[in-house]
Amino acid sequence: MKKPFPLAKVYTLLEPGAVAMVTTALKDRANIMTMSWHTMIDFDPPLAGLVIGDQSQTFQTLKRTGECVINIPETGLLKKAVACGNVSGRTVNKFKAFGLTPVKASKVKAPLVKECPVNLECKVVHRTLANRYNFFILKIVKAWADPNKKDLRTFRHLGKGVFLAGGKKIKTSSRMK
Ligand SMILES: Cc1cc2nc3c(=O)[nH]c(=O)nc-3n(C[C@H](O)[C@H](O)[C@H](O)COP(=O)(O)O)c2cc1C
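1470 is the number of the first residue of the sequence shown in the working numbering; add one for each residue after it.
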């Protein structure tokens, strides 16, 4: 028998795909934020949409520069991904603090995260919805994938710091709802 489900928790049922780490750069300062509210929008050229909270440094930088990289981590980076989601780049240099390596991208100023097997260089193509819904529409202008990784061991966020990785639940210290 199904029961009514609290509307405020619906996001835990509809959490989309793999947790991503989005990098941006403002002048020389590169930043990383962890995010999971993303979606594909079109095939070719590939368009994606990201929901990025307006309190974050990433929101401000993305609005200003119109460029970012979507990096997809595997489960070995889960702790570092949570760490990047628990603090703001306003106060912490996350690349240094969490031992991640920035690599120059080819088409955008934001760096790739070397430790992630997939890196998608993106340019914002529509930002009107960012003002109202924190929603950015991006065109992926260059994509990188490690050819040795056929089956990526990505992970999904189920809410409140619980992740699904390889069919198993993992509880972390994430401060996310
Ligand atoms: C697993 C996980 C998923 C997250 N998903 C999102 C998201 O989809 N959108 C968002 O705005 N913040 C999300 N966050 C929170 C941001 O990562 C967090 O606010 C971060 O501190 C922002 O960093 P910044 O100020 O350096 O940009 C998520 C955090 C975690 C740990």
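Glycine included, each C-beta is placed from N, C-alpha and C at the ideal position. Quick caveat, the model's predicted, so the values are computed rather than measured.
Quick check: does the Cβ of S1642 come within less than 7 Å of any heavy atom belonging to ligand 1?
Taking the first residue of the sequence shown as position 1, residue 1642 is located at position 173. No, ligand 1 has no heavy atom inside 7 Å of this Cβ.
Nearest to A1614 by alpha carbon, out of A1487, Q1526 and N1540?
Position 145 of the sequence shown, counted from the start, is the residue given in the question as residue 1614. Checked all of A1487, Q1526 and N1540; the closest Cα to A1614 is N1540.
Between L1607 and E1536, what straight-line distance do the alpha-carbon atoms span, to the nearest angstrom?
Here residue 1607 is taken as the residue at index 138 of the sequence shown, counted from 1. Here residue 1536 is taken as the residue at index 67 of the sequence shown, counted from 1. The alpha-carbon atoms of L1607 and E1536 are separated by roughly 9 Å.
So, using beta-carbon positions, are F1626 and V1488 closer together than 8 Å?
Taking the first residue of the sequence shown as 1, we reach residue 1626 at position 157. Taking the first residue of the sequence shown as 1, we reach residue 1488 at position 19. With the sequence shown as reference, residue 1626 is identified as His, and Phe is not the correct amino acid for it. For H1626 and V1488, yes; Cβs fall inside 8 Å.
Residue nearest to G1568 in terms of C-alpha spacing, selected from V1582, G1518, S1642 and E1590
As a first step, residue 1568 is located in the sequence shown; it is residue number 99 there, counting from the start. Comparing Cα-Cα distances from G1568 to each of V1582, G1518, S1642 and E1590, the minimum goes to V1582.
Taking DSSP's pairing of strands, which residues face V1593 in a bridge?
For the purposes of this step, residue 1593 is taken as the residue at position 124 of the sequence shown. For V1593, which the question treats as bridged, DSSP gives the partners L1607.
Considering F1528, what are the terminal residues of the alpha helix (DSSP H) in which it resides?
Counting from one through the sequence shown, the residue named residue 1528 turns up at place 59. Its alpha helix (DSSP H) spans residues Q1526 to T1534.
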